[in-house]
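Residue numbers (the numbering used here), protein chains in the order written: chain A, 1 to 594; chain B, 1 to 179; chain C, 1 to 239.
Shown next, in structure tokens, is the structure this report addresses.
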């Protein structure tokens, strides 16, 4: 082990900023992070062991105790559930003879749930040792079980298990027109950097991650910082359940995304860029490295790009299973090899980002759009959309519809249009922008995709009338409790309390004041939390409670109070040990009202 | 007499320390009984409370009998008050929550040093233990909380006189203690 | 003309670079806090110091004071929210004040007293956490840790060591110490370290010193934390 770790550290030039990469290699090799590896790394990276342990314990894909040689994770997204995930994982658990959350006794395989893996249009999905599995069904599970029991190396598994489809159903302005390699940069240098920035400004392009900050303004602020060491970061930590468009963009339009990043680097005069790729998209890693290499060969990355005297390169950093790293300052922390905890702001990343240097962080789609705008000009983009939301938005559509996949629409398009296109009928409602967004009911389908109406990072989940809203909400609330980074009190404790309170109501133990208590808790988490995760974590409850108050109320018993825990169940151990089962050995959950 | 406020008190998983502290109002008790009569409490012989205005509960919920008594109080008291640390958060008895119940019982009745005739009591007369000690607000609805271990005599006095005189009970800083 | 903000309608001067907390403290205005300590870089995690700045919720300990800010601090709405945040800290851990030697000197308890918190409101988690009594002079009772990171910061910034860190995610957050054994006795902490004394709760304690001051005569038994805090922090913050 000593040599393995030593070589690994050397490959990474003993940089503690590379800690996630290093840990990923160790995890892949040993199926956990051994204590001895931590000790050795602490020495080699001159980093306290506590910092390494804290990183290991922060990310879902690292473990301090041994996991299976085959580590299987099944996506717990609501969309996977709608495709029968629950019965599939039960089947898998039975076939593999390992309980969910456990390692099989022989150490060969472990099984667990994981947050949405971004395969919502081709689920139920999962990961085996980080590699995406799609379209899981009994047949595939039988095959996987056999492969595991024969201990076949992953590279001998049939390719079709790992096949990930693009499913581009409705291309628009951006997806229809793939650009030639280097053409955006050539156009930029030809027009001039300042002029290109002003084209970008005219285009009205706003950040595609969901928050919608004006891209040109961000770049301009960053370029005006006195500190000249600056960075470009592409946020490909697409973790919002129901979103998968960045996966498709990086699979098929990667050149254009990298070109957008390079263009940004030219404007803000950055020399180093990072693509922060979520760990779930490991399957794209090698391909993207190849594209970067291709671009270096073509003079589009590296030294003296297009002979313009510009030096810039891009490094790919893989995440390790933490939704919070989609928050830009948490992402930067993660890039620095730390736990993904959102920073206090100000200062903002444009002034103090990566290694406290000015940094532009943008979404994959934003960089892609910027590259197109550099070629076609600002007006080309600004002519489309609404007054406050220019251009188009790429959606990942999934759930109850005939044609899940990637759709591109001008901003201002109505929800109804989208539903018609994707073949959704008998629709109950749509979750716009993922769990952190808004649930809209079927009388609101005239509303529009736009920052000023329904903003979305791209997630668009359709639910038909066979679905149970409370189950959906429950899935989302459990997701947030699982993904809370734990930095601030209201989110760390609040999301878990919210989970408890919602479970109480859904399981039918709620009474008179319980919905009021639920809403109060939601408001507290929303207003007092540190970052966007906490501030939106209660949205699934708040947006459905607003629309379906009677649904929540109808869950409540017409009594003044009921315990939130199973009273009779709490006597189970004592009953068993005393070998009793008489009437006195039981408790009713609620006293009969007389 | 008919206008007197009926008060019931009990101790669940508690030590009666809160009751002792209540008695520390000393001579003020004479003033109090001009307005208050006691229903079920350690100082009367009444076994079950009926039609009370105020129920004072000391101690948390550790067994099935505690649940029954607590429910009787809730049913028969207009205002139910959690008195002291144990009623409010389980208190000292709740420190057993970190040891699985099975281990507790095994240690006490089977494997512990000096145990003779090892067996876990199973007489139906005995209440069964809950797997965890709970604060009373997790089992029934509680109207007021008097923190302290125990709450001082002045806390009882302030709270009851507020209620008797028709004020919303409030505790000033000096009366709020958790120890 | 010096710059100023208003807090609850009162004018409070500030110097460039001061946070709202610093300006408030210098002016004798108490904003409740637990993870903030004037000697260390602010952390902004407990969220007790959340104030409303021109309608927006900000953490006073990290947010810079800026001309034109109208800050709301001592409002019923904020007091209610702060009380609930404090209750969250209580139910998350195991805080049994009667059996804790820090009682009366505990800032978590004192803030709760100050906010007139009478109960825990939420269901208790009763997490199973350990006590590390391995060290001869210093001990950790993890039941009482609220993840304020003051010990982490004190050890790094004052003691020149790296004894503590917060590890884990979400509700699984926990305090760890820098020793291969994971035990305090194998770290280089000493009882004289600031990190050993800075804990606002009873999570890190110096052994053999308990109960030297009787209960009833302790810091917060008769003085509120706003007064104690301002007396202690006022001068330094106002510099």
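C-beta atoms are modelled at their ideal positions from N, C-alpha and C, and glycine is treated no differently.
All of these numbers come straight from a predicted model, not from anything done at the bench.
Cβ-Cβ distance between residue i and residue j below 9 Å
i, j, result
"residue 151 of chain B", "residue 59 of chain B", "no"
"residue 76 of chain B", "residue 124 of chain C", "no"
"residue 108 of chain A", "residue 151 of chain A", "yes"
"residue 509 of chain A", "residue 562 of chain A", "yes"
"residue 144 of chain A", "residue 164 of chain A", "no"
"residue 301 of chain A", "residue 277 of chain A", "no"
"residue 234 of chain A", "residue 274 of chain A", "yes"
"residue 438 of chain A", "residue 363 of chain A", "no"
"residue 242 of chain A", "residue 461 of chain A", "yes"
"residue 121 of chain A", "residue 398 of chain A", "yes"
"residue 45 of chain C", "residue 531 of chain A", "no"
"residue 483 of chain A", "residue 54 of chain A", "no"
"residue 72 of chain B", "residue 49 of chain B", "yes"
"residue 58 of chain A", "residue 168 of chain C", "yes"
"residue 17 of chain A", "residue 355 of chain A", "yes"
Closest residue to residue i among the options (Cα-Cα distance)
i, options, result
"residue 374 of chain A", "A:472, A:204 and A:539", "A:204"
"residue 211 of chain C", "C:156, C:103, C:64 and C:163", "C:103"
"residue 159 of chain A", "A:121, A:555 and A:283", "A:283"
"residue 550 of chain A", "A:581, A:527, A:137 and A:505", "A:505"
"residue 138 of chain B", "A:577, A:576, A:585 and A:560", "A:560"
"residue 232 of chain A", "A:405, A:258, A:141 and A:529", "A:258"
"residue 67 of chain C", "C:223, C:11, C:29 and C:225", "C:11"
"residue 145 of chain C", "C:159, C:127 and C:161", "C:127"
"residue 520 of chain A", "A:173, A:507, A:501 and A:511", "A:501"
"residue 78 of chain C", "C:109, C:98 and C:60", "C:60"
"residue 184 of chain A", "A:369, A:453, A:522 and A:142", "A:369"
"residue 23 of chain B", "B:169, B:177 and B:153", "B:153"
"residue 448 of chain A", "A:427, A:313 and A:418", "A:418"
"residue 402 of chain A", "A:391, A:424 and A:411", "A:424"
"residue 189 of chain C", "C:39, C:134 and C:171", "C:134"
"residue 516 of chain A", "A:535, A:546 and A:534", "A:546"
Same chain only: Cβ atoms within 7 Å of residue i, ignoring 5 sequence neighbours per side
i, result
"residue 204 of chain C", "138, 140, 151 and 196"
"residue 83 of chain A", "123 and 124"
"residue 14 of chain A", "44 and 45"
"residue 147 of chain A", "157"
"residue 351 of chain A", "225 and 358"
"residue 40 of chain A", "2 and 5"
Interface flag, residue i vs chain E, CB-CB below 9 Å
i, result
"residue 162 of chain B", "No chain E appears in the structure shown, which is made up of the protein chains A, B and C."
Residues near residue i in its chain [Cβ-Cβ closer than 8 Å; skip 5 each side]
i, result
"residue 548 of chain A", "441 and 469"
"residue 128 of chain B", "63 and 64"
"residue 41 of chain C", "153 and 157"
"residue 166 of chain C", "147, 149, 152, 173, 174, 175 and 176"
Own chain partners of residue i with C-beta closer than 6 Å, once the 5 adjacent residues on each side are dropped
i, result
"residue 43 of chain C", "35 and 149"
"residue 193 of chain C", "159"
"residue 38 of chain B", "7 and 44"
"residue 544 of chain A", "439, 469 and 473"
"residue 496 of chain A", "481"
Any beta strand (DSSP E) of 3 or more consecutive residues that is wholly inside the stretch 449 to 536 of chain A: 459 to 464
Chain C contacts from the stretch 486 to 506 of chain A (Cβ-Cβ distance under 8 Å): 486, 487, 488, 489, 490, 492, 493, 494, 495, 496, 497 and 500
Cβ-based contacts, 9 Å cut-off: residues of the stretch 560 to 587 of chain A near chain B: 560, 561, 563, 564, 565, 567, 569, 570, 571, 572, 573, 574, 575, 576, 577, 578, 579, 580, 582, 583, 584, 585, 586 and 587
Members of the stretch 121 to 136 of chain C near chain A, C-beta cut-off 8 Å: Those residues of the stretch 121 to 136 of chain C placed with their C-beta closer than 8 Å to a C-beta in chain A are 122, 123 and 125, ordered along the chain.
Near-chain C residues of the stretch 69 to 86 of chain B - C-beta to any C-beta below 8 Å: 82 and 85
Complete runs of the beta strand (DSSP E) confined to the stretch 194 to 229 of chain A [at least 3 residues]: Within the stretch 194 to 229 of chain A, no complete beta strand (DSSP E) run reaches 3 residues.
Proximal residues, the stretch 28 to 61 of chain B versus chain C, C-beta separation under 8 Å: none
Unbroken stretches of the alpha helix (DSSP H), 4 residues or longer, contained in the stretch 54 to 93 of chain C: 76 to 92
Sequence ranges, alpha helix (DSSP H) only - wholly within the stretch 150 to 213 of chain C, length at least 4: 150 to 157
Proximal residues, the stretch 203 to 226 of chain C versus chain B, C-beta separation under 7 Å: 215, 222 and 224
Chain-ordered residues of the stretch 85 to 118 of chain B with a beta carbon less than 8 Å from chain C: 85, 88, 89, 90, 91, 92, 94, 95, 97 and 98
Members of the stretch 39 to 51 of chain C near chain B, C-beta cut-off 9 Å: none
Alpha helix (DSSP H) runs contained entirely in the stretch 380 to 463 of chain A, provided each spans 4 or more residues: 415 to 422
3 or more residues per run - each beta strand (DSSP E) lying fully within the stretch 102 to 148 of chain A: 109 to 114, 126 to 128 and 131 to 133
Chain A contacts made by the stretch 128 to 139 of chain B, where a contact means CB separation under 8 Å: 128, 129, 130, 131, 132, 134, 138 and 139
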